[in-house]
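Residue numbers (our numbering): 1 to 624.
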Ligand code: F6R
């Protein structure tokens, strides 16, 4: 997710540090904003920018794609306040023009934004007389503010008020966002929050705003967390907060975390933080894309006329966790889109005989968009003349430049080496793609589509319910952590989740873990089963729970303890541990997977493993 920092004050930190000394020749405000951006770098980003407001020099903006260190913060000696932004692209690739801040036509108003404006296309259409310079959803905001200010100035003859303008604009935005706006000739930063985090830092002669406290922790530990629907105006040493137009008081809290803990949001590891981020990252994945009533999705992807109707095969290529997301999706493509779907480990992929290139869609699933094996597969598919498509988390990544179309999973940056939230967002995105393809091909009726979309809509809340049960998982992890090996089983949509559960555990705990199609246990692996090898089973909707349970019972008969993720309202009385999975139909196994993520995490944590950077592994594998 994007990072935001804003500062208004004298340029000297609360503890008396001369902030200007940190930035060489740049002035204090610029230095504090620039340092705030550096503090936010850990979140991951692809572009950065600042807007500084000087008493007489007005508004100065600098922004570019690339690293914060490469950003030259302008020298604005009379700057009184400023905002900065690190961007993780969601709408429009990482270019200089798409970097924040974005400005209005006159260049008087600058805005930084975290989140997604879902109705930006409609709003942009209404602003047809404005000049847009980027592909972002964000840019509608400064132009809407410009309209508001112009309208108000006609009425009051005084140029309108930024705070009132932001309040009115906020009413028109659909989506989740945190925004900060500054305006030439106005000594305030005006901020608004709905759905994306925003925290204020309180200083004696200063005020800060940021997407997380790490941005300004060296200046103040006194903070106020804004609530959804809050709009606030920050002046040096003074903050006014409004909710639905009424002034409100919000508590000032003192943060005791050190910077390292604050970066992890108070969690000990990024991995656990990212597991817990899944309700919000999934919301972002789904935002503005589901039209449940119409039984349709808007993924902003297009195919040549007739291509989907004539499609012979969808071939998914991917590695590791992304490969398991692909295995999940292949079943959905067959079921929902009525098209043959196969999955290939990217490093093993060849176009293969007996296929028709112009009737084959090769879908590369890759969080990073940079995995060498997956890129190699895409190149082989392109060379064979197939149409290629990417599902990725990373705008501007290599894969997006080499395929014919892309859907972004919008999970935000993932820092833990073990993929967690991106797996859930990959499957959710692929499920939406399966609905889109099924609807286009006439293979999926509106009523069936509505049911899948309704399940998807329930996914974030269901994941939150599982996260609330973390204590139960921790207890199970403590009980079974010293086992000789762990076996994960499932059927149908439960198979990829079992494989992913085993991968997660082996990656971060270094324990022996294997995933199997449950029916395969009796064809060999059962020889490994002992009282020292717990079996973890996916026993949900979409995973043929009863048949899977028969196989689990075979393992239990050989003494193995059994833990199961079971659909709400169902019961398998012989399980040693039963984790309840809320009812979300076809995406239930994804919710079950959150239990398996937590199980892996707690086993590894009990053993004191290097969870965020497991031995021998890299986040992005750029060699074949
Ligand atoms: C496992 C994991 C890896 C990646 C694999 C592909 O937790 O993260 O297995 O899934 O290296 O990476 P991407 O998705 O970036 O292509």
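The beta-carbon is built from N, C-alpha and C at its ideal position, and this holds for glycine as well.
Quick one: grab the DSSP three-state call for residue 400.
helix
Let's test the definition: count the other Cβ atoms within 10 Å of the Cβ of residue 308 and tell me whether it reaches 16, buried, or not, exposed.
buried
Which residues bound the alpha helix (DSSP H) around residue 31?
28 to 40
Cα-Cα, which of 325, 399 and 314 is closest to residue 499?
325
Considering only heavy atoms of ligand 2, does any lie closer than 7 angstroms to the CB of residue 145?
With respect to ligand 2, the structure shown offers nothing to examine, as its ligands consist of ligand 1.
Given this structure, state the Cα-to-Cα distance separating residue 433 from residue 376, to the nearest angstrom.
Looking at the backbone, the Cα of residue 433 and that of residue 376 are separated by about 23 angstroms.
Contact defined as beta carbons within less than 8 angstroms: I believe residue 239 pairs with residue 194. What is the distance between those atoms, to the nearest angstrom?
With a Cβ gap of about 18 angstroms, residue 239 and residue 194 do not count as contacting.
What are the boundary residues of the alpha helix (DSSP H) that includes residue 247?
Where residue 247 is concerned, there is no enclosing alpha helix (DSSP H), although the beta strand (DSSP E) it sits in stretches over 246 to 248.
When you compare the CB positions of residue 28 and residue 52, do they come within less than 8 angstroms of one another, or not?
no
To which residues of the same chain is residue 6 closer than 6 angstroms at the C-beta, ignoring the five residues directly before and after it?
83, 180, 189 and 209
Closer than 7 angstroms: is that where the CB of residue 89 sits relative to any heavy atom of ligand 1?
no
Going straight from the alpha carbon of residue 387 to that of residue 288, what length do you get?
Roughly 26 angstroms between the two C-alpha positions.
Just to confirm my understanding: we take residue 119, look at its own chain, exclude 5 residues before and 5 after, and list those with CB closer than 6 angstroms. What are they?
Same-chain partners within the cutoff: 174.
With DSSP collapsed to three states, give me the class of residue 409.
coil
I think residue 142 touches residue 109, with their Cβ atoms under 8 angstroms apart; what is that distance to the nearest whole Å?
5 angstroms
Taking all protein chains shown into account, do 16 or more other C-beta atoms lie within 10 angstroms of the C-beta of residue 443, making it buried, or fewer, making it exposed?
buried
Quick one: grab the DSSP three-state call for residue 48.
strand
Helix, strand or coil for residue 345 per DSSP?
strand
Distance, Cα to Cα, residue 13 vs residue 616?
Confidence in residue 13 is poor, its pLDDT being 42 and thus under 50, which makes the residue's placement too unreliable to answer from.
Is it the case that the Cβ atoms of residue 285 and residue 410 are separated by a distance below 8 angstroms?
yes
Does the contact criterion of 3 or more C-beta pairs under 8 angstroms hold for the region 91 to 105 versus the region 131 to 138?
A contact exists between the region 91 to 105 and the region 131 to 138.
What are the start and end residues of each continuous beta strand (DSSP E) run of 3 or more residues lying completely inside the region 98 to 128, in chain order?
109 to 117
Is it buried or exposed, residue 297, if we count other Cβ atoms within 10 angstroms and call 16 or more buried?
By the Cβ neighbour-count rule, residue 297 is buried, with 16 or more other Cβ atoms within 10 Å of its own.
From the DSSP output, which residues share a beta bridge with residue 180?
112 and 191
Are the CB atoms of residue 81 and residue 199 within a distance shorter than 8 angstroms?
no
In whole angstroms, what separates the C-alpha of residue 24 from that of residue 32?
Because the pLDDT at residue 24 is just 36, under 50, the model does not fix this residue reliably, and the value given afterwards should be weighed accordingly. Residue 24 and residue 32: Cα-Cα distance of roughly 12 angstroms.
Kindly list the residues whose CB is nearer than 6 angstroms to the CB of residue 197, restricted to its own chain and excluding five residues on each side of it in sequence; keep chain order.
211
Starting from residue 326, trace the alpha helix (DSSP H) in both directions and tell me its first and last residue.
320 to 337
If we call anything under 8 angstroms between Cβ atoms a contact, is residue 538 one with residue 589?
One thing to note: residue 538 has its Cβ within 8 angstroms of the Cβ of residue 589.
How would you call residue 107, buried or exposed, if buried means at least 16 neighbouring beta carbons within 10 angstroms?
exposed
How about residue 105: is its Cβ closer than 7 angstroms to a heavy atom in ligand 1?
no
With respect to 7 angstroms, is the separation between the Cβ of residue 622 and the closest non-hydrogen atom of ligand 1 below this value?
no
State yes or no: is the beta carbon of residue 400 nearer than 8 angstroms to at least one beta carbon in chain C?
In summary, chain C is missing from the structure at hand, where a single protein chain is found.
Of all the options 299, 406 and 458, which has the alpha carbon lying nearest to the alpha carbon of residue 391?
406
Is the region 255 to 266 close to the region 569 to 582, with three or more CB pairs under 8 angstroms?
no
CA-CA distance, residue 294 and residue 423?
27 angstroms
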